[in-house]
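For the sequence shown, full-length UniProt numbering assigns the number 1 to the initial residue and increments by one for each residue that follows. C-beta: ideal position from N, C-alpha, C; glycine also. Because the structure is a prediction, the values reported are computed rather than measured. Take a look at the structure set out below.
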Amino acid sequence: MSTTPNTQTSDHAAAQAPSCKVSAGPHDAPASPPGKRPAPPCTLVIFGAGGDLTKRLLMPALYNLAVDGLLDGAMKIIGVNHGERETAEWREDLHKSLQQFAADKASTFHAGKLDDHAWDWVAQRLEYVAGEFETDDTFTKLKEKLARSPGGNVIFYLAVSSRFFKPIVEHLGKAGLLKEAEGESGGFRRLVIEKPFGTDLATARDLNAHILSYAKEEQVYRIDHFLGKDTVQSILAVRFANALFEPIWRREYIDSVQITAAETIGVEGRGKFYEQTGAFRDMVPNHLFQLLGMVAMEPPNSFDAEAVRDKKAEIFDAIKPLTPDDVVFGQYEKGPAGVGYREEPDVAPGSTTETYAAARVFVENWRWAGVPFYLRTGKRLAARRTEISVQLKPVPFRLFRDTPVDALTPNVLTLRIDPAHGTSFDFNVKTPGPVMQIGAVQSSFDYADFFAASANVGYETLLYDCMLGDETLFQRADSIETSWCAVDDVLHPKDGGAMPVHGYAAGSEGPAEADALLARDGRAWRPLQKKAAGTK
């Protein structure tokens with residue numbers, strides 16, 4: 001995992017970008033910044049080269065890595081996809097997409113104007129291969145091209161629908177493309193697999209078994225893009241680099257933890273995918289559990305990949321299996337923010353797919369016994385927000401019993417992940433005046449106040465770490481299966497009945513039943529929208 005902060009702005013990075021045009025030699029690599037080394041030479045093979053993931057995230061990430069001088073000059077990028085087309089056409093398609101995303105202020109890749117030299121450096125390394133993902137001929141052509149791979153190092157990135165995971169891995173294995181030569185100089189072969197990694201415990205186990213019949217565990221990089229966000233990685237820094245927090249990071253001081261991933265958008269034309277997946281499978285056993293793992297894990301002895309992943313695996317193993325009573329499903333209906341889910345394209349008129357999920361999770365170990373972790377995620381909610389709120393236990397009230405103080409605001413540390421990046425802490429102070437009166441205040445830190453903004457899409461660190469062979473931010477087979485195991489009773493209730501799905505108005509805070517889930521414990525969700533001044 002890269003630990004050196006990159007505080008360059010995109011404009012500054014563009015200004016410092018090397019002058020490397022398409023006609024430049026293949027080894028005219030940009031200079032890497034102080035404290036960082038460029039990745040080793042390799043060939044990146046992207047299955048799904050014409051897909052949305054490649055255009056919106058992978059290519060912007062590769063462009064940013066090139067701007068930062070973190071790619072080797074001998075690198076090659078081979079795109080594999082259905083449909084005949086020339087490499088020049090693919091390059092131009094990617095170039096246009098990057099320009100559009102860079103100019104869009106709402107895009108995660110808001111670089112402004114592209115640096116032409118940096119793009120040309122990437123473009124000269126692109127090559128397109130037409131082929132079906134399930135035919136031998138595609139992999140025969142690929143093997144011929146990879147015979148000239150720099151250093152013998154190859155990364156296969158499966159940016160495809162999950163139904164292609166098994167056939168692609170099988171063809172790669174049978175073609176001998178996953179076999180690594182003996183010795184340190186033999187070159188590596190790595191496999192990057194996007195989520196969804198299975199749809200439940202049984203399918204995850206089956207997929208793991210299939211992959212590991214062709215590749216070794218250390219070759220497999222199961223990616224979760226949430227872990228590529230700087231603000232997610234910063235959770236470990238906040239916890240372990242500050243003496244203020246770690247001593248109280250335990251059940252004796254913490255009342256509860258809330259983890260929220262709320263979106264204002266709907267399914268955005270992805271009705272077919274969402275009908276098969278739903279909010280719970282899409283977010284809870286992967287993204288939200290990963291955030292829970294970062295918050296709850298014991299301190300590792302180092303930032304070595306296996307040390308960190310071992311501690312996270314311990315947390316997933318300690319999660320008490322969820323039951324239907326611990327979970328609430330919801331589905332957005334017509335409201336202030338727009339139409340209901342059932343009116344969306346490619347959604348069944350009587351669909352019972354959940355677009356909202358809330359869960360109460362307990363980690364049964366010495367540090368966290370009895371502390372509830374409340375998780376929620378949903379679409380068409382009142383605000384876009386991904387954050388973690390750690391609420392401390394209340395102080396004894398006895399000191400204030402003879403004063404006008406009738407309540408104390410809970411102390412809450414909030415780690416803001418998206419769209420705002422930073423932290424805040426709610427605490428109490430005495431208000432000015434002769435009477436002992438308590439007022440709630442907030443101290444906050446915003447990344448933008450201390451660090452220059454950059455057009456980071458979240459995949460830069462993940463791609464760079466994969467090239468370096470650092471597996472810290474990638475999931476192991478055991479953690480994947482343990483996470484699915486924790487939610488299997490929700491996906492397959494023992495009584496055979498389906499989970500009820502409760503309606504909520506588009507643009508609201510979610511279903512009332514989710515509020516009731518916390519009310520049973522005497523707690524409440526932190527509001528997604530801040531109340532206007534002067535309101536209660």
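Assigned with DSSP and collapsed to three states, Ile-248 falls in helix.
If the five residues before and after Lys-311 are omitted, its C-beta is found closer than 7 angstroms to the C-beta atoms of Met-297, Glu-298 and Pro-300, all from its own chain and listed in chain order.
Using a 10 angstroms sphere on the CB of Lys-195, the tally of other CB atoms reaches 16 or more, which defines it as buried.
The Cβ atoms of Ala-313 and Asp-478 sit closer than 7 angstroms to each other. Its Cα nearest to that of Ala-307, the residue Glu-471 stands out among Glu-471, Gly-497, Ala-123 and Arg-56. The alpha-carbon separation between Glu-132 and Val-169 amounts to approximately 13 angstroms. Separation of the CB atoms of Val-154 and Leu-62 is rounded to 16 angstroms, and the pair is thereby denied contact status at 8 angstroms. A distance below 7 angstroms separates the beta carbons of Gly-378 and Tyr-356.
Of the residues assessed, Arg-37 falls on the exposed side of the cut-off, its CB having fewer than 16 other CB atoms within 10 angstroms. Runs of the beta strand (DSSP E) lying entirely within the segment 109 to 177, each at least 3 residues long, are 126 to 130 and 154 to 158 in chain order. In the three-state reduction of the DSSP assignment, Ala-486 falls in the helix class, which pools H, G and I. Between Ala-159 and Gly-335 a beta carbon distance of about 34 angstroms is seen, past the 8 angstroms cut, so the two are scored as non-contacting. Counted as a single uninterrupted DSSP element, the alpha helix (DSSP H) harbouring Ile-315 occupies residues 305 to 318. The beta-carbon distance between Leu-207 and Leu-191, rounded to whole angstroms, is 12 angstroms. This is too long to meet the 8 angstroms contact definition. Each residue's CA atom was taken as its position, placing Arg-205 and Asp-115 some 44 angstroms apart. In this structure, Ala-382 sits near Gly-507, with a CB-CB distance shorter than 7 angstroms.
Annotation: the continuous alpha helix (DSSP H) that includes Thr-277 extends over 271 to 283.
Taking 8 angstroms as the upper bound for CB-CB distance, Glu-354 and Ala-279 are in contact here, some 5 angstroms apart.
Classified as buried, Ser-483 has 16 or more neighbouring CB atoms from the shown chains inside 10 Å of its CB. Nearest C-alpha to Phe-329 among Arg-251, Gly-510 and Ala-407: Gly-510. Nearest to Gln-276 by C-alpha distance, out of Arg-384, His-502 and Arg-163, is Arg-163.
Here Ser-107 carries a coil assignment [DSSP, helix/strand/coil]. Of the residues Val-295, Ile-223, Asp-489 and Thr-414, the one whose Cα lies closest to the Cα of Glu-246 is Val-295.
Counting other Cβ atoms within 10 Å of its Cβ, Asp-52 stays below 16 and is therefore classed as exposed.
For Arg-376 against Trp-525, the beta-carbon gap comes to about 7 angstroms, under 8 angstroms, which counts as contact. When the beta-carbon positions are compared, Ala-261 and Thr-386 come within less than 7 angstroms of each other.
Contact between Ile-254 and Leu-146 does not hold, since their C-beta atoms are separated by about 51 angstroms, which reaches or exceeds 8 angstroms. For Val-339, there is no enclosing alpha helix (DSSP H), as DSSP gives it neither H nor E. Fully enclosed alpha helix (DSSP H) runs of no fewer than 4 residues occupy 447 to 450 and 460 to 468 of the segment 419 to 475, in order along the chain. With respect to the C-alpha of Gln-219, the residue from Gly-522, Met-467, Thr-87 and Thr-431 having the closest C-alpha is Met-467. Asp-446 places its beta carbon 7 angstroms or farther from that of Gly-469. Note on geometry: alpha-carbon atoms of Asn-64 and Ile-417 lie some 21 angstroms from one another. DSSP places Val-192 in the strand class (E or B) of the three-state scheme. The straight-line gap separating the alpha-carbon atoms of Asp-489 and Lys-320 is approximately 11 angstroms.
Here the C-alpha atom of Phe-139 lies approximately 49 angstroms from the C-alpha atom of Trp-368. Using a Cβ distance threshold of 7 angstroms, Tyr-221 and Phe-400 do not count as a contacting pair.
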